[in-house]
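Worksheet: the structure to be examined is printed underneath.
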Amino acid sequence: MSSTEGDRPVVLVADDDDDIRDLVAFRLDRAGYEVLRAGDGQQALDLAKEHVPDLAVLDVMMPKLTGYDVTRELRADAATSRIPVILLTARVQEADVARGFEAGADDYVKKPFSPQELKARVQAVLGRR
Amino acid sequence: MRRRLTFQTVVGALGGRQRERQAAIEELAAGKERFERLYSIGRAIGGATELEDVAQTVVDELGEVAGAELGALYASTRGGGQSYRCVAARGLDPEDLPWVRPGVGLAGRALSEGRRLTGELGESGILLQSLGQEAIARHEVHLPLIAGADVVGVLTLARVAGGPFRAEDLELLEYLAGRAGAGISNALTLRTARDQSAFNRAVLETAADAFISIDSSSYVTGWNPAAERLFGWSAEEATGLPLSRAIGADIRPADSPGQLQEVDAHDRGGREFPIEITISPLERHGELTWNAFVRDITDRRRAELYMRAQLAVTRVLSEATTLAQARDGVIEALGTALGWEVGVAWVVDREAGVLRPTSLWAADDVDAAEFLDLTMHSTFGRGEPLPGVVWETGEARWIEDLEREPAFPRAGAAKRAGLHASLAFPIVSAGSFVGLAEFFSREVAQPDPELMALLGTVGEQIGQFSQRKRAELEADRLKDEFFALVSHELRTPLTSIIGYLELVLEDADALDPQSSRFLQVVERNSRRLHRLVGDLLFVAQVEAGRLSLDRHDVPLDRVVADGVEAARPRAEENGVILRSREENVGALKGDGDRLGQMLDNVISNAVKFTPEGGTVDVYLTRRGDSAVLEVRDSGIGIPNQEQHRLFQRFFRSSTATERAIPGVGLGLTISRAIVEAHGGTIGFESEEGRGTTFRVELPLDFEPSMPDPSESPREVVL
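Set out below in structure tokens:
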């Protein structure tokens, strides 16, 4: 029951680093997705509740709410609980990955990443549904 | 000398020639007189037994014979060392006379040389104080007193009036000196024997050790004052008691003669204490009797006990990795070592302002479940007995018997557990009270200052441990924060650089060739930077003990083949022949990415350090339960003196730096960490100028031990 704007799937991209947010948005836009942009965790959560995107790409380390927090909040609300989440993380250790999955994330991408790879992951997660 | 004035000589003179008959008769009369004189002197000497008496007789009689007004007899006595003291004198005060040392002066020479010496003192003579009057000695003789082979003394005689000593006088004196030597020697022996026995008696009377003599039927016959003090029986009471009754220990002398034994003894009042006893046999008048030395070893036992306790604590603290382990371990170690059956550690809960129990321990044979349960659910405020009092005062407390301590809140449960004595001591860390340890004993115990001192030290040790641990935790936390920061701050800009480059290069057709080439340089270098960041963080992770492997079945031959192929472009570029032969060694449970990283490092190193025209051979074989990887190059090699440092992080061999071969010195550090995380080993052989062979052995059946969840790294707040 996702809301769509036009025919294009909607992806929420949240990162406090403008350059990375733009990079991801550009890549996904080119790949044919409608992109919503958020600069911190709170904004991401607000946008997600308002628009219920088809997918959320969330940076882990964001001000106000971390990517883990946003994921948990989304899972806790019936309206957003089914939005798939891909986390972007700069630290990849088992503990970090486990924490992401515990919070309810579907996948994670390690920074630095190739935009192509991220696109492939997004497609894969969306295709899985 | 033709004539010797002995009895035989005198008798022999009777056979003189006729014409000398008259002279002979006169001589006979004189000889008889001398003989009688000699006989009486001999008897006088032999009749005395005390040294002083014998000596006085010798001086007087021989002085009389010699016509010497002055005389002194020096003898070797106890306490004189090498010196000879004047023991008797004639016409002189013995106290005024200096001691004679062998070899010094005429008397001394007579002593050391064992022969008679005479001295002519000339017209002026020597002025002496003779019993309050002045006297001038003009002629003197020094006679060694000899018994057997020993010179036991020297007799000095001097004439004031009269002429020099005649030869006959001297011979007579020499003969008498021989008799005197035997007498003095006997007297000295008697004195020594008597001194020795007095000495022995004095030793036994004043000895710190108890001395007991025992007859052949094990009854006490001797009991010194130390034995009286130790066992509470007077010598009179103890004499005649069986030994085992007198010392309150079942010991029979004949069972273990001459051996040192440690047993528990009892005094007259029934007090038990440990003793050390040695019983030696003594055969006297054909009867076997015994001598025993007994020492109270209570203090030594206690010192040993305390030393063991201290050692146990030190061991626990050196092995503990967490504060909780240290607390639990110390409570148990101390309780066990000291024999206090129940122990509790309390720590201050600063927020609630109370003490909370953290470690509870009871010896196996104590039924203290109720007491421990009550303790576990108790907290104490400042000043509440007993823990709160230690908190308030910061001082150790000792309660002899809880039954007589009405204010002790857990008294009922303690009584039901049979606990009596209690002691508690503070644990202070960096100057502030952090908690305390509390122990209970089933016995009533008197305060023991030595134990309190020991526990004070233990408290400080635990405090220092906790301070150290806190510092370590803080250092770990800072390190974690640093890693998080570094990885985030480095990776975020790299993400942008690599990501945007990729976007630009996707449309490479739109770029002019030069820009395209420049951007490729940027891309290559940003990848290099990316790798370096990864390596640095990897090493940091390994050092923090946090290397985690993503394990699954890894086909090692594939990984090796991939590693070789990845290195091929570089090898071709450098003109190095790269060959490989992989055996199918089966699958290995491991982290394929990490193993690939290790292979890349080792193979690319070999290629890097091999000059044009050289070879690099890669072999993968199976040996027993292990996979063996060998990477052999014909490269520049590693200098001998640098080989031991090769796996150190950031180490670069001089051959690498001289040739400006790029690298930061992390590859082998990382490779070794990966190999070791898989339970394997990595080593090498190298000869400078000839080449290097790296050998990696990986067990195919390696099962990593499961990490202990309680010891897992603390979560890092990102």
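Sequence order for the protein chains is A and B.
Counting in our numbering, the first sequence runs from 1 upward without gaps.
Counting in our numbering, the second sequence runs from 1001 upward without gaps.
C-beta: ideal position from N, C-alpha, C; glycine also.
Given the structure is predicted, the values throughout are model-derived calculations rather than measurements.
*Do you know offhand how far arginine 1623 of chain B's Cα is from proline 1699 of chain B's?*
Here residue 1623 of chain B is taken as the residue at index 623 of the second sequence, counted from 1. Here residue 1699 of chain B is taken as the residue at index 699 of the second sequence, counted from 1. So the two alpha carbons sit approximately 9 Å from each other.
*asked:* Which residue wins for smallest C-alpha separation from valine 13 of chain A, given the options A:Arg75, A:Pro84, A:Ala124 and A:Ala79?
replied: Residue numbering aside, residue 13 of chain A sits at position 13 when the first sequence is read from its first letter. Among A:Arg75, A:Pro84, A:Ala124 and A:Ala79, the Cα nearest to that of valine 13 of chain A belongs to A:Pro84.
*At 9 Å on the CB atoms, spell out the chain A contacts of leucine 1503 of chain B, in chain order.*
Counting from one through the second sequence, the residue named residue 1503 of chain B turns up at place 503. Ordered by position in chain A, the residues that pass the 9 Å Cβ test against leucine 1503 of chain B are Leu23, Phe26, Arg27, Arg30 and Pro115.
*Report back the beta-carbon spacing between aspartate 1633 of chain B and phenylalanine 1609 of chain B to the nearest angstrom; my notes put them in contact at under 8 Å.*
As a working note, residue 1633 of chain B is residue 633 in the second sequence. As a working note, residue 1609 of chain B is residue 609 in the second sequence. Confirmed, about 7 Å.
*Kindly give me the distance between the Cβ atoms of isoleucine 20 of chain A and threonine 1495 of chain B, rounded to whole angstroms, as I take these residues to be in contact under 8 Å.*
For the purposes of this step, residue 20 of chain A is taken as the residue at position 20 of the first sequence. For the purposes of this step, residue 1495 of chain B is taken as the residue at position 495 of the second sequence. Their Cβ separation, rounded to whole angstroms, is 5 Å, which keeps isoleucine 20 of chain A and threonine 1495 of chain B in contact under 8 Å.
*Let me know if leucine 1230 of chain B comes out buried or exposed under the rule of 16 or more other beta-carbons within 10 Å of its beta-carbon.*
For the purposes of this step, residue 1230 of chain B is identified with residue 230 of the second sequence, where counting begins at 1. When all chains shown are included, leucine 1230 of chain B counts as buried.
*Measuring alpha carbon to alpha carbon, tell me which of B:Gly1663, B:Asp1448, B:Gln1541 and B:Glu1443 ends up nearest valine 1741 of chain B.*
Residue 1741 of chain B is absent from the structure shown; chain B starts at 1001 and stops at 1718.
*With C-beta atoms as the reference, is isoleucine 1636 of chain B less than 8 Å away from proline 1662 of chain B?*
Numbered from 1 along the second sequence, position 636 holds the residue referred to as residue 1636 of chain B. Numbered from 1 along the second sequence, position 662 holds the residue referred to as residue 1662 of chain B. The answer is no: Cβ separation not under 8 Å.
*For the stretch 1492 to 1518 of chain B, which residues have a CB atom closer than 9 Å to at least one CB atom of chain A, in sequence order?*
Thr1492, Pro1493, Leu1494, Thr1495, Ser1496, Ile1497, Ile1498, Gly1499, Tyr1500, Glu1502, Leu1503 and Glu1506
_Residue from B:Phe1035, B:Arg1138, B:Ala1673 and B:Leu1455 with nearest C-alpha to methionine 1307 of chain B_ = Here residue 1307 of chain B refers to the residue found at position 307 of the second sequence. Comparing Cα-Cα distances from methionine 1307 of chain B to each of B:Phe1035, B:Arg1138, B:Ala1673 and B:Leu1455, the minimum goes to B:Leu1455.
*asked:* Classify isoleucine 1184 of chain B: buried if its beta carbon has 16 or more other beta carbons within 10 angstroms, exposed otherwise.
replied: The count along the second sequence starts at 1 and reaches residue 1184 of chain B at position 184. Flag for isoleucine 1184 of chain B reads buried.
*Of all the residues that make up the stretch 1459 to 1492 of chain B, which are near chain A by a beta-carbon distance shorter than 9 Å?*
The stretch 1459 to 1492 of chain B vs chain A, Cβ under 9 Å: Phe1483, Ala1484, Ser1487, His1488, Glu1489, Leu1490, Arg1491 and Thr1492.
_Extent of the continuous beta strand (DSSP E) to which arginine 1116 of chain B belongs_ = Translated into positions along the second sequence, residue 1116 of chain B becomes position 116. Taken as a continuous stretch (DSSP letters only), arginine 1116 of chain B belongs to no beta strand (DSSP E), as it is neither H nor E.
*Give every residue of the same chain whose Cβ lies closer than 8 Å to the Cβ of glutamate 1341 of chain B, excluding the five residues on either side of it in the sequence, and list them in chain order.*
As a first step, residue 1341 of chain B must be located in the second sequence, where it is residue number 341. Same-chain partners within the cutoff: Gly1335, Ala1362, Ala1363, Asp1365, Val1366, Ala1368, Leu1419, Phe1440, Ser1441 and Arg1442.
_At the level of alpha carbons, what is the spacing between alanine 1673 of chain B and tyrosine 68 of chain A?_
The residue labelled residue 1673 of chain B in the question sits at position 673 within the second sequence. The residue labelled residue 68 of chain A in the question sits at position 68 within the first sequence. Taking the straight line joining both Cα atoms gives about 31 Å.
*Indicate whether alanine 1226 of chain B and leucine 1062 of chain B have their beta-carbon atoms separated by less than 8 Å.*
As a position in the second sequence, residue 1226 of chain B is number 226, starting the count at 1. As a position in the second sequence, residue 1062 of chain B is number 62, starting the count at 1. It is not a contact, given that the beta carbons lie outside the stated cut-off.
_leucine 65 of chain A beta carbon less than 8 Å from that of glutamine 42 of chain A_ = Translated into the one-based positions of the first sequence, residue 42 of chain A becomes position 42. Translated into the one-based positions of the first sequence, residue 65 of chain A becomes position 65. Yes, they are a contact pair.
*Say whether chain A places a C-beta atom closer than 8 Å to the C-beta of histidine 1530 of chain B.*
As a working mapping, residue 1530 of chain B is identified with position 530 in the second sequence. Taking Cβ atoms only, chain A reaches closer than 8 Å to histidine 1530 of chain B, which makes this a yes.
*In terms of residues, what are the limits of the alpha helix (DSSP H) holding valine 1560 of chain B?*
Locating residue 1560 of chain B in the second sequence gives position 560, where the first residue counts as 1. Residues 1556 to 1574.
*Would a check of beta-carbon distances place aspartate 46 of chain A closer than 8 Å to chain B?*
Residue mapping note: residue 46 of chain A aligns to position 46 of the first sequence, counting from 1. No, its Cβ sits nowhere closer than 8 Å to a Cβ of chain B.
*isoleucine 86 of chain A: contacting residues in chain B (beta-carbon distance under 8 Å)*: For the purposes of this step, residue 86 of chain A is identified with residue 86 of the first sequence, where counting begins at 1. Within 8 Å Cβ-Cβ: nothing; isoleucine 86 of chain A doesn't reach chain B, min ~14 Å.
*asked:* Measuring only from the beta carbon, is alanine 38 of chain A closer than 7 Å to any heavy atom that is part of the ligand ZN?
replied: The ligand ZN is not part of the structure shown, which contains no ligands of any sort.
*From aspartate 1550 of chain B to leucine 1556 of chain B, what distance separates their C-alpha atoms?*
On the second sequence, position 550 is the one that residue 1550 of chain B refers to. On the second sequence, position 556 is the one that residue 1556 of chain B refers to. Distance between the alpha carbons of aspartate 1550 of chain B and leucine 1556 of chain B: 15 Å.
*Leaving out five residues on either side along the sequence, give the residues of the same chain with a beta carbon under 7 Å from the beta carbon of glutamate 1113 of chain B.*
For this step, residue 1113 of chain B is matched to residue 113 along the second sequence. Excluding sequence neighbours, glutamate 1113 of chain B sits near nothing in its chain.
_Which same chain residues end up closer than 7 Å to valine 1564 of chain B when comparing Cβ atoms and leaving out the 5 residues on each side of it in sequence?_
The residue you call residue 1564 of chain B lines up with position 564 of the second sequence. Cβ within range, chain order: Leu1578, Ser1580, Ile1603 and Val1618.
*What number of angstroms, rounded off, separates the C-alpha of aspartate 77 of chain A from the C-alpha of glutamate 117 of chain A?*
Position 77 of the first sequence holds residue 77 of chain A. Position 117 of the first sequence holds residue 117 of chain A. One C-alpha to the other measures close to 30 Å.
*Kindly indicate which residue of B:Ile1427, B:Leu1519 and B:Leu1501 has the alpha-carbon position closest to the one of tryptophan 1391 of chain B.*
By one-based count along the second sequence, residue 1391 of chain B stands at place 391. Closest by alpha carbon: B:Ile1427.
*Using the C-alpha atoms, what's the distance from glycine 1586 of chain B back to histidine 1552 of chain B?*
Locating residue 1552 of chain B in the second sequence gives position 552, where the first residue counts as 1. Locating residue 1586 of chain B in the second sequence gives position 586, where the first residue counts as 1. Straight-line Cα distance between these residues: approximately 13 Å.
*Just the chain B side, please: which residues come within less than 7 Å of alanine 90 of chain A by C-beta, in chain order?*
Your numbering for residue 90 of chain A matches position 90 in the first sequence. Within 7 Å Cβ-Cβ: Ser1487, His1488, Arg1491 and Thr1492.
_Beta-carbon neighbours of lysine 111 of chain A, restricted to chain B and to distances below 7 Å_ = Position 111 of the first sequence, counted from the first residue, corresponds to residue 111 of chain A. Going along chain B in sequence order, the residues near lysine 111 of chain A (Cβ under 7 Å) are Arg1491, Thr1492 and Thr1495.
*Identify the contact partners of aspartate 17 of chain A in chain B, using a Cβ-Cβ distance below 9 Å as the criterion.*
For the purposes of this step, residue 17 of chain A is identified with residue 17 of the first sequence, where counting begins at 1. Those are Thr1492, Pro1493, Thr1495 and Ser1496, listed as they occur along chain B.
*Buried or exposed by the 16-neighbour rule on C-beta atoms within 10 Å, applied to alanine 124 of chain A*: As a position in the first sequence, residue 124 of chain A is number 124, starting the count at 1. So alanine 124 of chain A ends up on the exposed side.
*According to the Cβ coordinates, are leucine 1145 of chain B and alanine 1177 of chain B closer than 8 Å?*
For the purposes of this step, residue 1145 of chain B is taken as residue 145 along the second sequence, with counting starting at 1. For the purposes of this step, residue 1177 of chain B is taken as residue 177 along the second sequence, with counting starting at 1. In contact: leucine 1145 of chain B and alanine 1177 of chain B (Cβ atoms closer than 8 Å).
*Grouping DSSP H, G and I as helix and E and B as strand, with all else coil, what is lysine 110 of chain A?*
Here residue 110 of chain A refers to the residue found at position 110 of the first sequence. Strand.
*Using alpha carbons as the reference points, say which of B:Gln1310, B:Ala1309, B:Gln1133 and B:Thr1049 lies closest to threonine 1189 of chain B.*
Here residue 1189 of chain B refers to the residue found at position 189 of the second sequence. Closest by alpha carbon: B:Thr1049.
*What does isoleucine 20 of chain A touch in chain B if you count any residue whose Cβ is under 8 Å from its own?*
What you label residue 20 of chain A is simply residue 20 of the first sequence in a count that begins at 1. Correct list: Thr1492, Thr1495, Ser1496 and Gly1499.
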